[in-house]
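Residue numbers (the numbering used here): 92 to 224.
Printed below as a string of structure tokens:
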């Protein structure tokens with residue numbers, strides 16, 4: 092067929108200057124780039140899904156921890172006001188409300204921006220003639 096394939100041995104030389112760009116930092120930046128691409132492709136037009144999901148997750152964590160402490164309170168095992176889990180549960184509930192509110196605001200802003208973008212994309216409006224009817 093006109094060509095041959097063979098293996099050629101080569102001698103590899105150690106690096107004399109500089110340092111390799113393939114390290115942990117490169118993988119970290121690559122992972123952050125992957126997260127950016129996933130976020131922009133999945134949540135660009137629906138940021139409420141992202142913030143709402145995170146808000147529901149933190150709300151569930153907060154409610155679970157406070158529910159556990161409520162059971163302990165009813166069983167009168169120990170006072171719950173001095174436990175760090177109490178503060179953690181309250182903070183999770185507050186974060187949940189904040190994230191859900193942020194998701195709603197982001198949805199409103201995105202809807203407004205998307206509507207403006209669609210309006211600017213219309214180049215020409217053709218009126219319907221009597222022949223087309």
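We put the CB at the ideal spot given by N, CA and C, even for glycine.
Predicted model, so just to flag it, every value in this text is computed and none were measured.
Asked, Found
"Three-state secondary structure (DSSP) of residue 200", "helix"
"Alpha carbon of residue 190 to alpha carbon of residue 165, nearest angstrom", "31 Å"
"Sub-9 Å separation of residue 142 and residue 194 beta-carbons", "yes"
"C-alpha gap between residue 146 and residue 169, whole angstroms", "30 Å"
"DSSP three-state assignment for residue 100, whether helix, strand or coil", "coil"
"Through-space distance from residue 153 to residue 188, alpha-carbon basis", "11 Å"
"Coil, strand or helix - residue 143 by DSSP", "helix"
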